[in-house]
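Colleague: Can you keep this structure in mind? I'll have questions shortly.
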Amino acid sequence: MNAPLWRDASAGPGRAAGAFDGVADRISQWDGSGEAGAGAFALTRRDFLKLSAAAAALATAGCRGPVEEIVPYVSPRTAAPGVPQFFATAMTLGGAGTGVLVESNMGRPTKIEGNPAHPASLGSAGMYEQAAILELWDPDRSKGITLRGQPATRIALETALFERMEKLGPAHGAGLRILMRYSSSPTLAAQVQALLRRFPAARVHTWEPLHRDHSLAGARLAFGRAAEPVYRFGNADVVVAFDRDFVGEGPGHLRHARDFMDRRRRRESAPPNRLYAFECTPTLAGAIADHREPLAPGALSHALVQLAAALQGGSADHPLVAAAAADLLSHRGGCVIVAGESMPPEAHALVHRLNGQLGGVGQAVEYIEPVQGDIDCTRSLQALASDMEAGTVDTLLILGGNPVYDAAGDVPFRELLARVPLSVHHALRPCETSAACTWHVPQTHFLEHWSDTRAFDGTASIVQPVVAPLYDGISPHEMVAMLLAPIGGTPRDWVRAQWLGASIDAAGEERWRAMLREGVVPDSAARTLQLRARDIDFAPPDTAKAWSLVFRPDQSLHDGEFANNAWLQEIPRTHSKLVWDNAAYLSPASARSLGVESGDRIEIESGHARLVAPVWILPGQPDDTITLALGNGRTRAGRVGNGVGFDAYPLRTAASPWSRTGANVRKVTGEHVFATTQNHAEMDGRDPVRRLNVPEAEGLREKPLEDEPPPETLYPEWKYDSYRWAMVVDLTSCIGCNACTIACQAENNIPTVGKEEVRRGREMHWIRVDRYYEGSHGKPRTHFQPVPCMQCENAPCEVVCPVGATVHDSEGINVQIYNRCVGTRFCSNNCPYKVRRFNFLHYTRRDGEPPLDARNPQVTLRMRGIMEKCNYCLQRITRARIETEREGRRIRDGEVVTACQAACPTLAITFGDLSDSRSAVSQAKRSPLDYTLLRELNTRPRTSYHAKVLNPNPDVLPPGSGGG
Amino acid sequence: MSATPLIRGRWGYASITDKIADIVLHRPTHWMWAAGLIVTLMMSVFFFGAMGYLFTVGVGIWGVNIPVAWGFAIGNFVWWIGIGHAGTFISAFLLLLRQKWRNSINRFAEAMTLFAAGIAGLWPILHLGRPWFAYWLVPYPSVMNYWPQWRSPLVWDFFAISTYLIVSLLFWYVGLVPDLATLRDRATTRAKQMVYGFFALGWRGEARHWARYETAYLLLAGLAAPLVISVHSIVSLDFALGNTPGYHSTIFPPYFVAGALYSGFAMVLTLAIPMRHFFGLEDFITKRHLDNAAKIMLATGLIVAYGYIAEVFTAFYSQDEYEIAMTLNRFFGPYAFVYWGVIACNVVIPQVLWFRGVRRNVLALFALSLVIQLGMWSERFMIVVSSLSRDFLPSSWGLFVPTFWDVSMLVASIGFFFFLFLCFIRVLPAITIFEMRELKHEELEGKEP
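Here it is as structure tokens:
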């Protein structure tokens, strides 16, 4: 590494202000010189320009880099105006870190992408990671410390805490409680240890609403100690998933998706892998499974027990279980069973034993120490609650989280909080909990502070800030430090000392810089534990026919912490395509039995709690099972998230956090209006998504899907003398995770429009993920199809625009000239793919849109009345062209990566130059699976698809459909 | 039939002139006219206020969306331009075909044309996302050397409509000149004399004037007649050149022209029937006129019906899955009620016109004219909206639901039309005075065909 680059970049605005110090002085003189007369205002033109520049510099000074040195990921020469820099850091969610690269434009973080060097990312980024940029810029974030809702100073807070610590000191801190979320930060853990040394009687509790208590308990049952499985799906030929959405949620899901699809695409040497999914609500894993069986939560355990019996040489009643067992047995060593958090601890233990028996351990699954520690969240929170009730809690520090909102329904946290004399809530935004606490302290966003975190496999990353705190935030480390004996240094020093020790030599400095640059701490992955599961006796209770409730994290809002994120609110849930809402998902048959339709309302009564929720009929949902998404119905989320959907937490109990049986359900009056982005779920005999089974796909080697030349056209062909950009989307790999849509939204400054506008059919996403069902709605096959602009050679849109606002460029991209567009919308009518999006209103100025600082400066904001659409990230192509033209060479394959392509966890999107026959995209176009959408219209799209290839077990009849 | 005279009763040259000119010059303001004017004026004010709101906020106040990016505005445009057809058709075509009965209805029918075509011309501008750049459709010498995109039918549309408007206006004005002179001569106030005199262009009724007038009028008729055909043919190309199933059809030009005449004649009846009643013009606009107009409606209605049948036939004959799906969607889809409404209003109910008794029953004709206009508006809606709502990829199907502004602006535009018409009948002679005199003359001479 050369000179401290960041300082140069961040000093930009500051230095500019410095250069104009004289001018600024003059401003202040004027301020106090009312009597100086008009003469003082005799500005020369030069003065005026200087003043304007100073004003501009002052205006941007609000957004600056952190004061300490941070290290960019890749450093193209020096930071220059207009050239974005990337910084590696990591985002922690549910205690597990994911490495990210943050794009910073002149000190303003504008986009988050995956870190290729990080094992949980490998360059991809999911919805949450990408949408976190909007959290940073959220105008509803806490802007200052408050004491009972009134603004207070940091001194006041520190004094209050100091006095408290003085008082508690003699009692060794009895009465001091800290409530944390899952954390894998070694620095924070060390601080907490230090705190406990200072106050041995203090207690630390952990509450994570989407906790992993069941799987940890399962490991304790199986191994006698806590352990966490790390899956290597690349080594698994057969995967059986019991309600485990390993590609869609939980720590490491991006990596799981990558590994699984890498293995699936490796068709040449061996047949693709095969996935059996048994699940109690449609998930992404279920949609990509070769066989999927919807089962009520109780029946899931029985299916697992049957599988265990069949693997022991017994038999299984369920044909799919029997087939899965046979498949597993014939792939010993190359197979794995995975269980989701909703399965009881015994089921997890049984799965550990079965994996050991099948030889999967060491191959497709390994065990490590849990990265967030051996914690039972449920017990931890219950212990805190009973102490609060007993009045033994004097000072409670809530480090992040929102327990008033997301504690289980039978833990009355809000009432208990009133009994605590001093409570401090430390969070990014004011929320339900902060309203019930004495103090609220603004937290720094992870892009604003120093910290560290561990990934799902234990790999550590340093969290480095890329921007100075926008508001007066306090980082979690500073917050805990307030309770500790004063130590010197800054959070950066603490984190650095954690990894390098206190004294740092030149080699240590270089190691530190490498950690920051790469975004991972070398060789920090957790050691594998050699564990043997013991036998487990698992006899699940008999299932009676009754309504079951299933609680799921909301696919968009997670546990509710992203409720104030407009991008996530407006991203269509993969299966239901609902936005700005949650619903009680019912199977078509259950809905019939209740006599309800989508939009009707039902009352759910379970135990002491009662809830009225609108119904959405979801194909593939098991019968008699109602899935409720957690994380909605926030009352103090902020302007975006307040009052969206309903809150399902009250129905959840500490004892049964993921499902409950025996609910009473009845229809009640009233209608709810949903907003969905896809109204028609069938392909209607058309074939936008083509699906093949492996043998048929093999047969295509002789006769590709599209082996005829395109039909004749009357128009002359376009001539190209340079690049010809094109894209291929592999439908086999698409898991419907929406990462591409969010990536596109962030890259291209795409506005959100709100529920009412989506309901009118005006969502703005440039790349959408279509979801189609095949077969009966009870047990359908689900297909996803990302649809960006097709960039047609014979583009129907170009012909009909009266002002020539949409034109073919010299590289074959169909570009939209915003300045020229008058908004006739004829182009959209004539687009058979309906990928064009229109600014019916001035959406970029909508309340809740990110501030201008958060926008990609390389992409124009569009005013109302203008058509827009995907342009293959033209700005990225242009940036690469400028780079390479300066170097006097052509753009190399892989040098331009579109935003959607970069985000995709499964590498489903290939992009590149068709004029280079060796480019990845040219090779992909030569695949026999390649086909274009609506070929009969002769639009000759540049974007094409690879047919979805599934590998169903030939011994199992496909459910509901006639195969093929 | 031809035995029925075109002018009923005992009218002389002078009394004809008195009768028609009096409506403009001397007749006291009737309370119903005043009430109508106030109501329609309020609607007009609302129309322009709504436009202001539209321009401030954007087309998002309507129900348009993706996939249905064209909504009421385009449907209204096609409907109004269709209404604007009958006037020029009556004036020009029937003049060329020497249908003398046209003389008593052509003036107000032409006024109707102008108002309707003018309102029609507003809609595409209101429809734009950025209406203030509407002039970019004009090939003006821009400094950026940038021209309209000539392959787009919207550009042709611009030319078709503006040409039609200009020629219709000229034709109407030229036909007005002798009557303006009459009004000038009869006006009692100085102001009226000045205004009518200015527009009368110094007409003195010389034989030379008449000779020039006849030639010019005939030439203009020759120019206007093909425009009647071309304007709606080109409007239909806005759709036919698109690839949307339901738009992409070669039958559209004749089918649109017939539909336009159909609704245009319906509007002629809607206007003529109350007018002849309230202003006592039964002797000039006789039942024979109504009968003839009804016959034209029957004929054009049958052409329109043929168009419907041909569309359905071609869809199935072509075996094109998208065309078939579109047709079935029209029959049974979410907008099926519109389709069957169209069939009822435009095909089934108008068959009563085969009966002479209906054609001569003023009330029945008036009701029928409203039914046909409703039917023709619904047909535009059916073509514009229901085709777009379900095109190629099922994932992007969606519905259009009109908003308050969609409906209110349509209604207000009708109000504005009637406001203009109410003004017209009190400012200019609604029936051509000199042509009526000519008719009387020919009748007296026994030259009536």
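First to last, the protein sequences are chains L and E. Taking my numbering, the leading residue of the first sequence gets 1, the next gets one more, and so forth. Taking my numbering, the leading residue of the second sequence gets 965, the next gets one more, and so forth. By construction, the Cβ of each residue, glycine as well, lies at the ideal position given by its N, Cα and C atoms. Just so it is clear, the structure is predicted and the values come from calculations on it, not from any experiment.
#1: Name the DSSP bridge partner or partners of L:F1024?
#2: Taking its Cβ as the centre, do 16 or more other Cβ atoms sit within 10 Å of E:F1385, making it buried, or is it exposed?
#3: Starting from E:S979, trace the alpha helix (DSSP H) in both directions and tell me its first and last residue.
#4: Counting only runs that start and end within the stretch 304 to 356 of chain L, where is the beta strand (DSSP E) found for 3 or more residues in a row?
#5: So, for L:N938: in the same chain, excluding its five sequence neighbours on each side, which residues have a beta-carbon less than 7 Å away from its beta-carbon?
#6: Beta-carbon of E:H1196 versus every beta-carbon of chain L: anything under 9 Å?
#7: When the Cα atoms are used, what is the spatial distance from E:F1280 to E:I1273?
#8: Figure out for me which residue from L:K948, L:P430 and L:R292 has the closest Cα to the Cα of L:L700.
#9: Quickly, what does DSSP pair L:D770 with across the bridge? List them, please.
#10: For a contact meaning CB atoms closer than 7 Å, what does E:V1021 contact in chain L?
#11: Measuring straight from C-alpha to C-alpha, what distance separates L:P969 and E:L1374?
#12: By how many angstroms is the C-alpha of L:L300 removed from the C-alpha of L:C280?
#13: Counting along the chain, where does the alpha helix (DSSP H) carrying E:N1293 start and finish?
#14: Given L:E1005, which residues of its chain have a CB within under 6 Å of its CB, disregarding the five upstream and five downstream residues?
#15: According to DSSP, is L:K667 helix, strand or coil?
#16: How long is the line joining the alpha carbons of L:E756 and L:A675, rounded to whole angstroms?
#17: Determine the burial state of E:W1114: buried for a count of at least 16 other Cβ atoms within 10 Å of its Cβ, exposed for fewer.
#18: Using a Cβ-Cβ distance cut-off of 9 Å, determine whether E:W1044 contacts chain L.
#19: Starting from L:F911, trace the beta strand (DSSP E) both ways and give me its first and last residue.
#20: Which residue wins for smallest C-alpha separation from E:K1428, given the options E:G1228, E:G1379, E:V1032 and E:W1318?
#21: Assign L:W766 to buried or exposed, taking buried as 16 or more other Cβ atoms, counted over all protein chains shown, within 10 Å of its Cβ.
#22: May I ask which residues mark the beginning and end of the beta strand (DSSP E) holding L:G97?
#23: Could you check the C-alpha separation between E:M1239 and E:S1055 for me, to the nearest Å?
#24: Check L:E885 in the structure and name its three-state DSSP category.
#25: Return helix, strand or coil for L:L630, following the three-state DSSP convention.
#26: Using a Cβ-Cβ distance under 9 Å, would L:S828 count as near chain E?
#27: How is L:K948 classed by DSSP in three states: helix, strand or coil?
#28: Using a Cβ-Cβ distance cut-off of 9 Å, determine whether E:H1253 contacts chain L.
#29: Closer than 9 Å, CB to CB, is E:S1372 near chain L or not?
#30: Quick check: E:V1232 and E:I1193, are their CB atoms within less than 9 Å of each other?
#31: In three-state DSSP terms, what is L:A247?
#32: So if I threshold CB-CB distances at 9 Å, which residues from the stretch 860 to 885 of chain L count as touching chain E?
#33: So, are the CB atoms of L:W567 and L:G754 less than 9 Å apart?
#34: Whole angstroms are fine: how far does the CA of E:L1059 sit from the CA of E:R1066?
#35: Examine chain E for any beta-carbon lying closer than 9 Å to the beta-carbon of L:G848, and answer yes or no.
#36: Could you tell me whether the Cβ of E:D1082 comes closer than 9 Å to any Cβ of chain L?
Modeller: With the structure as the only source:
#1: Look at the range of chain L in this structure, 1 to 964, and you will see that residue 1024 of chain L is not part of it.
#2: Here residue 1385 of chain E refers to the residue found at position 421 of the second sequence. Its Cβ being crowded by 16 or more others within 10 Å, E:F1385 is buried.
#3: By one-based count along the second sequence, residue 979 of chain E stands at place 15. Counting along the chain, the alpha helix (DSSP H) containing E:S979 begins and ends at Y977 to L989.
#4: 335 to 339
#5: Here residue 938 of chain L is taken as the residue at index 938 of the first sequence, counted from 1. P710, P711, T713 and N794, listed in sequence order.
#6: As a first step, residue 1196 of chain E must be located in the second sequence, where it is residue number 232. No, its Cβ sits nowhere closer than 9 Å to a Cβ of chain L.
#7: Indexing the second sequence from 1 puts residue 1280 of chain E at position 316. Indexing the second sequence from 1 puts residue 1273 of chain E at position 309. Taking the straight line joining both Cα atoms gives about 11 Å.
#8: Residue 700 of chain L sits at position 700 when you count from the first residue of the first sequence. Checking every option, the nearest Cα to that of L:L700 belongs to L:K948.
#9: Position 770 of the first sequence, counting from 1, holds the residue named residue 770 of chain L. Paired residues: L:Q785.
#10: Indexing the second sequence from 1 puts residue 1021 of chain E at position 57. L841, listed in chain order.
#11: What the structure shows of chain L is the stretch from 1 to 964, and residue 969 of chain L is not part of that stretch, so it cannot be assessed.
#12: As a working note, residue 280 of chain L is residue 280 in the first sequence. As a working note, residue 300 of chain L is residue 300 in the first sequence. Whole-angstrom Cα-Cα distance: 8 Å.
#13: For this step, residue 1293 of chain E is matched to residue 329 along the second sequence. It spans E1285 to F1296 - the alpha helix (DSSP H) in which E:N1293 sits, taken as one unbroken run.
#14: Lying before the first or after the last residue shown, residue 1005 of chain L is absent from chain L, which here runs from 1 to 964.
#15: Numbered from 1 along the first sequence, position 667 holds the residue referred to as residue 667 of chain L. Correct three-state label for L:K667: strand.
#16: On the first sequence, residue 756 of chain L is found 756 positions in, with the first residue counted as 1. On the first sequence, residue 675 of chain L is found 675 positions in, with the first residue counted as 1. Using only the alpha carbons, I get a separation of about 7 Å.
#17: For the purposes of this step, residue 1114 of chain E is taken as residue 150 along the second sequence, with counting starting at 1. E:W1114 should be labelled exposed.
#18: Against the second sequence, residue 1044 of chain E aligns to sequence position 80. Chain L, which has no Cβ nearer than 9 Å to the Cβ of E:W1044, makes this no.
#19: The residue given as residue 911 of chain L occupies position 911 in the first sequence. I909 to D913 is the extent of the beta strand (DSSP E) around L:F911.
#20: One cannot answer for residue 1428 of chain E here, as it falls past the ends of chain E, which runs 965 to 1413.
#21: For the purposes of this step, residue 766 of chain L is taken as the residue at position 766 of the first sequence. Label assigned to L:W766: buried.
#22: For the purposes of this step, residue 97 of chain L is identified with residue 97 of the first sequence, where counting begins at 1. Here the beta strand (DSSP E) through L:G97 covers A96 to N105.
#23: Numbered from its first residue, the second sequence carries residue 1239 of chain E at position 275. Numbered from its first residue, the second sequence carries residue 1055 of chain E at position 91. Distance between the alpha carbons of E:M1239 and E:S1055 is about 19 Å.
#24: Within the first sequence, the letter at position 885 stands for residue 885 of chain L. In this structure, L:E885 counts as helix in the three-state DSSP scheme.
#25: Position 630 of the first sequence, counted from the start, is the residue given in the question as residue 630 of chain L. It is a strand residue.
#26: Residue numbering aside, residue 828 of chain L sits at position 828 when the first sequence is read from its first letter. So, interface residue.
#27: By 1-based counting over the first sequence, the position of residue 948 of chain L is 948. Residue state, collapsed to three classes: strand.
#28: Counting from 1 along the second sequence, the entry for residue 1253 of chain E is found at position 289. Not one chain L Cβ lies under 9 Å of E:H1253.
#29: Start at 1 with the first residue of the second sequence, and residue 1372 of chain E comes out as number 408. Not an interface residue.
#30: Along the second sequence, read from residue 1 onward, the residue named residue 1232 of chain E stands at position 268. Along the second sequence, read from residue 1 onward, the residue named residue 1193 of chain E stands at position 229. For E:V1232 and E:I1193, no; Cβs fall outside 9 Å.
#31: Locating residue 247 of chain L in the first sequence gives position 247, where the first residue counts as 1. First, the residue type needs correcting, since residue 247 of chain L is Val and not Ala in the sequence shown. DSSP places L:V247 in coil when its eight states are reduced to three.
#32: M863, R864, G865, I866 and M867
#33: In the first sequence, counting from the first residue as 1, residue 567 of chain L sits at position 567. In the first sequence, counting from the first residue as 1, residue 754 of chain L sits at position 754. No. Outside cutoff.
#34: For the purposes of this step, residue 1066 of chain E is taken as residue 102 along the second sequence, with counting starting at 1. For the purposes of this step, residue 1059 of chain E is taken as residue 95 along the second sequence, with counting starting at 1. Each residue's Cα considered, the two are about 7 Å apart.
#35: Residue mapping note: residue 848 of chain L aligns to position 848 of the first sequence, counting from 1. Output row for L:G848: interface = no.
#36: Numbered from its first residue, the second sequence carries residue 1082 of chain E at position 118. In the sequence on display, residue 1082 of chain E carries Gly and not Asp. By this cut-off, E:G1082 is not an interface position.
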